[in-house]
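Numbering (the working numbering), first residue to last: 71 to 277.
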């Protein structure tokens, strides 16, 4: 009777160990399958398509820059300047769009700028402007040469190149030099306004 109980106990104990080992292996296998499935985008995509019939957004693909930003809401245009491209919202006023572009590309000056589409058409900034891709152009300024004289004997010393972007730039330059206006070096034209300057011409200051 004692030998039977010992033998039965061994068989029961062995069966329990075998079942415990089988359950552990099964849990590890299921865990590995879950990890493999969760980390594989193709499986996730296939499951999502099977359930909804619509392929989900794939973060590995770049979004189109055609203004169709439904997930963001609103109207957007793609603006490129040099190597940088930004998506700009155009739901606001023209001034708001202008300030958004300046902030996006860190334009800290008062230089004029404009947007040009792929057909080289310059578009006005407006919330109803066509969606699409645009190139940002920044005013390169008006370049002239200024002849500087020695104050004692009025002999030309050297010339320096100046770039003006706005009328305020021109006024500030005259004020710092103590001049009232510029005069063409080889002519008699007196220049009181920036718009009257000729690119590349040589001028000297008049007090």
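For each residue, glycine too, the CB sits at the ideal point set by N, CA and C.
Check, Outcome
"Evaluate residue 146 with the Cβ neighbour count: other Cβ atoms within 10 Å of its Cβ, from every protein chain shown; 16 or more gives buried, anything less gives exposed.", "buried"
"Given a cut-off of 8 angstroms, decide if residue 181 and residue 235 are closer than it, judged by their beta-carbon atoms.", "yes"
"Based on DSSP bridge pairs, tell me the residues matched to residue 158.", "147"
"Could you please give the first and the last residue of the uninterrupted beta strand (DSSP E) stretch that includes residue 203?", "203-208"
"Taking the alpha-carbon positions, what's the residue 275 to residue 210 distance?", "23 angstroms"
"Do you know how far the Cα of residue 158 is from the Cα of residue 237?", "29 angstroms"
"May I ask you to report which of helix, strand or coil DSSP gives residue 214?", "strand"
"For residue 258, count neighbouring C-beta atoms within 10 Å of its own C-beta (all shown protein chains included) and say buried if the count is 16 or more, exposed if not.", "exposed"
"Rounded to a whole number of angstroms, what is the C-alpha to C-alpha distance between residue 151 and residue 207?", "7 angstroms"
"Measuring CB atoms only, is the stretch 213-220 touching the stretch 187-194, in the sense that at least three cross pairs come out at less than 8 angstroms?", "no"
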